[in-house]
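S.K.: Right, I'll just put the structure down here and ask away after.
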Amino acid sequence: DIFFASVEELVAEGQSVEMTVKGFSMRSFLRNECDVVVLSPTSAEQLRCGMVVLFRHRGSHVLHRLVKIEGPKLTMEGDGNYRQVEVASTADVVAYVSQVKVHKGPTIGYNSVGWRRRTALSICRKRVRTLAIDIKRKLFK
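156 is the number that my numbering gives the last residue of the sequence shown; the numbers go up by one with no jumps.
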């Protein structure tokens with residue numbers, strides 16, 4: 016709580032913050048305790064589908080991909096999650112991931128070809144995993 020309060024304060028002042036990724040919900044795009052993300056300020060007008068954002072959800076802070084924008088209503092999901100989404104508002108967004116510092120690899124910027132390639136690969140893997148889980152559940156029902 017104290018950490019994320021500090022992150023929110025720094026981002027509100029216009030600063031960027033680096034944070035090591037914790038958790039597996041954004042696998043394979045982000046790797047637990049390996050990759051470092053740079054969180055940067057953003058506004059509701061700048062939000063785009065495909066962005067990875069830090070947002071407040073049910074008393075916690077979550078780092079997931081923005082997949083749908085309907086006015087102030089946003090839908091996010093983790094690349095590594097199975098059919099789980101979070102709904103929040105634009106006011107809940109704290110920052111967006113402007114860079115990923117890949118462990119033992121390059122730094123990838125949000126608008127780069129590397130970002131788009133890594134995003135496409137991660138989303139493709141998610142779709143294959145989801146399909147495999149759905150098939151398995153139907154076969155072994």
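Glycine residues also receive a C-beta, built at the ideal position from the N, C-alpha and C atoms.
Being a predicted model, the structure only gives us computed values, none of them experimental.
With a 10 Å radius around its C-beta and 16 neighbouring C-beta atoms as the bar for buried, classify residue 92 as buried or exposed.
M.R.: One-based indexing of the sequence shown puts residue 92 at position 77. Flag for residue 92 reads buried.
S.K.: Are residue 44 and residue 144 touching if we call contact CB-CB under 8 angstroms?
M.R.: Position 29 of the sequence shown, counted from the start, is the residue given in the question as residue 44. Position 129 of the sequence shown, counted from the start, is the residue given in the question as residue 144. It is not a contact, given that the beta carbons lie outside the stated cut-off.
S.K.: Buried or exposed: where does residue 65 fall if 16 or more other Cβ atoms within 10 Å of its Cβ makes it buried?
M.R.: Position 50 of the sequence shown, counting from 1, holds the residue named residue 65. Exposed is the call here.
S.K.: Return the first residue and the last residue of the alpha helix (DSSP H) that residue 45 is part of.
M.R.: Translated into the one-based positions of the sequence shown, residue 45 becomes position 30. No alpha helix (DSSP H) contains residue 45, which DSSP labels as neither H nor E.
S.K.: Secondary structure at residue 57, three-state DSSP: helix, strand or coil?
M.R.: Taking the first residue of the sequence shown as 1, we reach residue 57 at position 42. In this structure, residue 57 counts as coil in the three-state DSSP scheme.
S.K.: So residue 113 is in the beta strand (DSSP E); what residue range does that whole segment cover?
M.R.: To locate residue 113, count along the sequence shown from 1; it is residue 98. Start and end: 108–116.
S.K.: Select from 33, 82, 72, 87 the residue whose C-alpha is nearest the C-alpha of residue 59.
M.R.: Within the sequence shown, numbered from 1, the residue matching residue 59 stands at position 44. By alpha-carbon distance to residue 59, the top candidate from 33, 82, 72, 87 is 87.
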